[in-house]
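Accompanying notes for the structure given below.
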Amino acid sequence: MLLNEEKCNLYLDAMVRGIVWFRNDLRIHDNEAIIDAAKSCEEVLPVYIFDERIFKGYTKFGFRKAERHRVKFVLDSIKDLKTSLAKLGLNLYIRVGKPEEELYKLAQQVKSSWVFCNRERTQEEVTVQDNLEQSLWTIGQEIRYVRGKMLYHTADLPFPVTHTPDIFTNFRKEVEKFVGIRDPKPVPKEPLRPISVTLDFGNVPSLSDFNLAPEDQDSTVVEGGETAAIRQIDDFLWGTDNVKQYFETRNQLLGDQFSSRMSAYLSKGCISPKLIYQKLKQYEAERGENKSTYWLFFELMWRDFFRLMAKKHGNAIFKLSGIAEKQNINDDANWKFIEKWQCAKTGIPFVDANMKELKHTGFMSNRGRQNVASFFIKDLKQNWVIGAEYFESMLIDYDPCSNYGNWNYIAGVGCDPREERYFNIMTQAKKYDAQGEYVKHWLPQLVDLNSEEVHNPSDAASLGYVKPIVPFSIWN
Ligand SMILES: Cc1cc2nc3c(=O)[nH]c(=O)nc-3n(C[C@H](O)[C@H](O)[C@H](O)COP(=O)(O)OP(=O)(O)OC[C@H]3O[C@@H](n4cnc5c(N)ncnc54)[C@H](O)[C@@H]3O)c2cc1C
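Position one of the sequence shown corresponds to residue 17 (this note's numbering), numbered consecutively onward.
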């Protein structure tokens, strides 16, 4: 049926309002949802819903879904987003609840036409978006999905998602030289038209709204938000030139200068990986490229790889049998051991120092993560899913694909070509913390020990440190 002009206008009149639902894309640069909404709608309403199941809920094994460091990071990010949106003429609508219910109520109230959002690909997020879509259909509205999480667009890849190589090196070789990376989309130049319906926009909640203690004054937790993300990458590149030695420094443990510290910003979408790539290329053009500058790109490819694995293998990444669907995987749970691991009381200094850093800051280096995960699975012989859930709870940079993907690898249920990836804690400690500086930083009771003893204290009790829960001899 052809529509006459009058009917067309009627349709257009009904299409003026779009809700932009921010999820893990807390930025205004390279944000397709804002751009699409601005193109298709006359009035735009940005929304963020603190999902009560995440901000107040618990994992299957009883950890808080999101501990306070990550919650604080998101609160910072929302405050920053609210300020940036205000500069675009928009007011951010904020609620705590179930996004599918809050958005449905709002869509009804403001008579919008579409909800624009980033499509998520892991189960909990998919369930939320599917449920929202189902309810929007009942009122003649729809979700319009956009993308923006990855460096590569899946449409540009030389294989369908279901044929993504399961081995990282094969994936990398098929993409890095042949597939271009698109430019990030710019921030809209003109202000957008805000919603004309009178609304209670709500306020940014505080930690206590989620029954979380306020952040320590001297906490070392990184500041969240798009502004901080851009400042951090500019500093890593142009400010300090740290990127130039990244290949050599990336396995360090102490301090915050040895790697880009982009992970938390990427996981909440405060920065687009395409913007990082664009800045990296600019840096290489101005100050030269080397193995280190390439390696930052290499690591970003790992991130894409794990996201593609999650798309390809679906829920398998969360299961004990992993994406390799291996049977008879150990599911033991000795909670005495698990609690000691969590509380940095295993008596193994290298493990405890890393676990203490995680508890205090919500961050742990990649080297540290590999070691404590291997220790949990291979030395303590515990169900890897419990360890992964604890990381999910604690990490500020928690990302379902990267977290569960990496745990799959270390548990030997991913598609790692090296079947038995085992980290000998003592060898690793002596190699990556040769002088024991990292251990001493987090475990000051060991400060007087020499570099040999600090990783293997013979009389822990007299120093006020705990006895080891496994004998050091297992690493001989
Ligand atoms: C058991 C385990 C769990 C992990 N869980 C997470 C997680 O939940 N979220 C997360 O972002 N990273 C996770 N990682 C990967 C990695 O440890 C962090 O991304 C990295 O330490 C963050 O520091 P950075 O931003 O300074 O990294 P850089 O070394 O500067 O790397 C740049 C970026 O590349 C990406 N990247 C680097 N290494 C990896 C990797 N192994 N897998 C996927 N992406 C990578 C990250 O986005 C990172 O920000 C995990 C690793 C292990 C071993």
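Think of the CB as a built atom: it goes at the ideal place given N, C-alpha and C, for glycine as much as any other residue.
Hey, would you say the C-beta of residue i is under 7 Å away from at least one heavy atom of ligand 1?
i      : result
Glu315 : yes
Ile246 : no
Asp413 : yes
Phe391 : no
Gln139 : no
Phe322 : yes
Trp357 : no
Asn187 : In the sequence on display, residue 187 carries Phe and not Asn. No, since every heavy atom of ligand 1 falls outside the 7 Å radius drawn around the Cβ of Phe187.
Trp494 : Residue 494 is absent from the model: the chain starts at 17 and stops at 492.
Trp254 : no
Gln386 : yes
Phe407 : yes
Trp153 : no
Asn422 : yes
Asn219 : no
Leu396 : no
Asn258 : no
Arg86  : no
Ile426 : yes
Ser418 : yes
Met166 : no
Met278 : yes
Leu312 : yes
Leu282 : yes
Ser56  : no
Ser288 : no
Trp318 : yes
Ser9   : Here the chain covers residues 17 to 492 and nothing more, so residue 9 does not appear.
Buried or exposed, going by whether 16 or more other CB atoms sit within 10 Å of the CB of residue i?
i      : result
His179 : exposed
Ile490 : exposed
Glu21  : At Glu21 the pLDDT is 48, less than 50, meaning the model places this residue with poor confidence; the figure from the coordinates comes in the next sentence. Counting Cβ neighbours within 10 Å, Glu21 comes out exposed, since fewer than 16 surround it.
Ala326 : buried
Tyr27  : Note that Tyr27 has pLDDT 47, beneath the 50 cutoff, so the model's placement of it is unreliable and the number below is only indicative. Exposed.
Phe252 : buried
Ile412 : buried
Phe194 : exposed
Lys307 : exposed
Lys55  : exposed
Asp29  : Its pLDDT being 46, under 50, Asp29 is placed unreliably in this model, and the value from its coordinates should be taken loosely. Under this definition Asp29 is an exposed residue.
Phe89  : buried
Val463 : exposed
Cys24  : Because the pLDDT of Cys24 is 42, which lies under 50, any placement of that residue in the model is unreliable, and the number read from its coordinates should be weighed accordingly. With fewer than 16 other Cβ atoms within 10 Å, it is exposed.
Phe175 : exposed
Ser275 : buried
Gln125 : exposed
Pro202 : exposed
Gly480 : exposed
Asp96  : buried
Ser222 : exposed
Glu206 : exposed
Lys559 : The chain is shown only over 17 to 492; residue 559 falls outside these bounds and no answer can be derived.
Gln398 : buried
Glu83  : buried
Asp172 : exposed
Arg319 : buried
Looking at ligand 2, does it come within less than 7 Å of residue i, judged from the CB to the closest heavy atom?
i      : result
Gln298 : As for ligand 2, it is missing from this structure, which binds only ligand 1.
Problem - Cβ contact check for the region 34 to 50 and the region 159 to 179: 3 or more pairs under 8 Å - result: Here the region 34 to 50 makes contact with the region 159 to 179; the two share three or more CB pairs at distances below 8 Å.
Practice task
Examine the Cβ distances between the region 54 to 74 and the region 206 to 225 and report whether three or more of them are shorter than 8 Å.
Solution key: Contact between the region 54 to 74 and the region 206 to 225 is present, because at least three Cβ pairs lie under 8 Å.
Practice task
Count the CB pairs spanning the region 330 to 340 and the region 423 to 436 that are closer than 8 Å, and state whether there are at least three.
Solution key: yes
Handout entry: Stretch pair the region 476 to 487 + the region 357 to 364: three plus CB contacts closer than 8 Å
Key = yes
Exercise for the section: Would you be able to state if there are at least three C-beta pairs under 8 Å between the region 244 to 251 and the region 283 to 296? Expected result: yes
Practice task
Please determine if the region 403 to 422 and the region 147 to 157 are in contact, where contact requires at least 3 C-beta pairs separated by less than 8 Å.
Solution key: A contact is defined here as three or more CB-CB pairs under 8 Å, and the region 403 to 422 fails this definition with respect to the region 147 to 157.
Exercise for the section: Only counting runs of 3 or more residues, tell me where the beta strand (DSSP E) segments fall wholly within the region 90 to 139, in order along the chain. Expected result: Runs of beta strand (DSSP E) with 3 or more residues, each lying fully within the region 90 to 139, are found at 109 to 113 and 130 to 134, listed in chain order.
Exercise for the section: Inspect the CB distances between the region 344 to 353 and the region 430 to 441 and report whether three or more fall short of 8 Å. Expected result: no
Handout entry: 4-residue-minimum alpha helix (DSSP H) runs that sit fully inside the region 266 to 342, ordered along the chain
Key = Qualifying alpha helix (DSSP H) stretches, in chain order: 279 to 283, 289 to 303 and 307 to 329.
Exercise for the section: For the region 253 to 268 and the region 110 to 124, state whether three or more C-beta atom pairs, one from each stretch, are separated by less than 8 Å. Expected result: no
Problem - the region 65 to 74 contacting the region 219 to 234, beta-carbon criterion three pairs below 8 Å - result: yes
Exercise for the section: Mind listing, in chain order, the continuous alpha helix (DSSP H) runs of no fewer than 4 residues lying wholly within the region 356 to 425? Expected result: As far as the region 356 to 425 is concerned, its whole alpha helix (DSSP H) runs of at least 4 residues are 365 to 377, 382 to 390 and 400 to 410.
Practice task
Could you tell me which uninterrupted alpha helix (DSSP H) segments, each at least 4 residues in length, are contained entirely in the region 179 to 231, listed from first to last along the chain?
Solution key: 184 to 191
Handout entry: Three-pair Cβ contact test at 8 Å for the region 366 to 384 versus the region 449 to 459
Key = Flag = yes, the region 366 to 384 and the region 449 to 459 touch.
Problem - Whole runs of the beta strand (DSSP E) within the region 444 to 472, excluding any shorter than 3 residues - result: none
Problem - Any 3 or more C-beta pairs closer than 8 Å across the region 266 to 286 and the region 444 to 454 - result: By the Cβ criterion, the region 266 to 286 is in contact with the region 444 to 454, since at least three pairs of Cβ atoms, one from each stretch, lie closer than 8 Å.
Practice task
Can you check the region 36 to 99 for any beta strand (DSSP E) of at least 3 residues that lies completely inside it and give the ranges in chain order?
Solution key: 59 to 67
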